[in-house]
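In the working numbering, the protein residues as written are 140 to 413.
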């Protein structure tokens with residue numbers, strides 16, 4: 140671990156460069172090229188992104204001593220690593236490499252901030268059940284974050300089709316039906332994980348009436364938004380703009396729930412939180 144810690148700056152810079160290179164390769168077909176261009180650029184881009192995720196994970200292990208560090212910038216970087224890894228996994232079964240154009244530059248930025256700008260932090264000791272709750276919450280947030288990115292892609296595609304902006308960049312995106320289908324699959328998976336997050340929070344967190352009350356209330360509200368969206372899809376066939384708006388609304392509330400209190404307490408009030 141000490142040897143890995145000594146390599147931390149190099150690992151972080153390497154991860155940033157790989158994330159940005161992968162982003163550029165994935166973005167290249169969006170700005171012109173032949174119909175075969177997306178597939179041509181996607182494979183090397185995703186291979187480079189895989190290297191970036193591995194370097195990112197190695198940097199997190201070194202910086203945070205192999206433990207789960209939930210301080211503000213450390214948690215953001217960890218979420219970025221998980222979201223990037225899940226983006227790669229999604230692409231094993233569905234050709235949605237364009238997601239990386241949104242996800243990978245954000246990951247690069249968060250690696251830079253956590254590695255070179257954020258103050259050093261040490262992981263807070265947690266019992267196994269709190270770690271379990273935090274891990275499930277991390278997965279729920281990450282899956283729903285990818286769903287939000289898919290919602291943005293869906294909105295861009297629908298707007299382009301509505302205004303007949305049929306440029307070559309549109310052919311680089313996945314088919315609209317595929318984007319929408321994957322969006323709801325991700326929301327379904329994220330909703331189940333968010334349900335487990337709430338259940339483990341109720342069972343394992345003892346101070347719900349303290350600083351966790353607002354976090355729990357916002358999480359429940361986000362759960363209701365995503366639940367309403369899934370019900371509307373099943374019962375009334377909701378899609379398009381309604382699906383995009385509700386997805387982004389639920390995700391915005393979830394960001395406030397997961398990171399809002401941390402931002403206020405750590406960066407404004409300078410108080411440590413777990």
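C-beta: ideal position from N, C-alpha, C; glycine also.
All values reported here derive from a predicted model rather than from experimental measurement.
Within 10 angstroms of the Cβ of residue 264, are there 16 or more other Cβ atoms? Answer buried if so, exposed if not. exposed
Please report the Cβ distance between residue 240 and residue 166, rounded to the nearest whole angstrom; I am assuming they are in contact, meaning their Cβ atoms lie under 8 Å. 5 Å
Residue 138 - DSSP class collapsed to helix/strand/coil: Beyond the ends of the chain as shown, which are 140 and 413, falls residue 138; an answer cannot be given.
Counting Cβ pairs closer than 8 Å, one from the segment 194–202 and one from the segment 285–304, do we hit at least three? no
Environment of residue 268 [buried if 16+ CB atoms lie within 10 Å]: exposed
Please work out which residues of its chain come closer than 6 Å, Cβ to Cβ, to residue 214, disregarding the five sequence neighbours upstream and downstream, and give them in chain order. none
Segments assigned alpha helix (DSSP H), at least 4 residues, entirely inside the segment 196–262: 211–232, 238–251
Return helix, strand or coil for residue 376, following the three-state DSSP convention. coil
Would you mind working out which of 180, 249, 272 sits nearest residue 237, comparing C-alpha positions? 180
Among 189, 251, 300, whose alpha-carbon lies nearest the alpha-carbon of residue 231? 189
Mapping the DSSP letters down to three states, classify residue 183 as helix, strand or coil. helix
In whole angstroms, what separates the C-alpha of residue 367 from that of residue 279? 17 Å
Please state the DSSP three-state secondary structure of residue 148. helix
Are the segment 315–322 and the segment 254–264 in contact at 8 Å, needing three or more beta carbon pairs? no
Measure how close the beta-carbons of residue 254 and residue 220 come, nearest whole angstrom, since I'm counting them as under 8 Å. With 8 Å as the limit, residue 254 and residue 220 do not qualify as a contact, their Cβ atoms being about 12 Å apart.
Just tell me which of 298, 186, 326 has its CA closest to the CA of residue 243. 186
Assuming residue 447 is part of the alpha helix (DSSP H), what are its boundary residues? Residue coverage of the chain in this structure runs from 140 to 413, which leaves residue 447 outside it and unanswerable.
Three-state class that DSSP yields for residue 154 in the structure shown: helix
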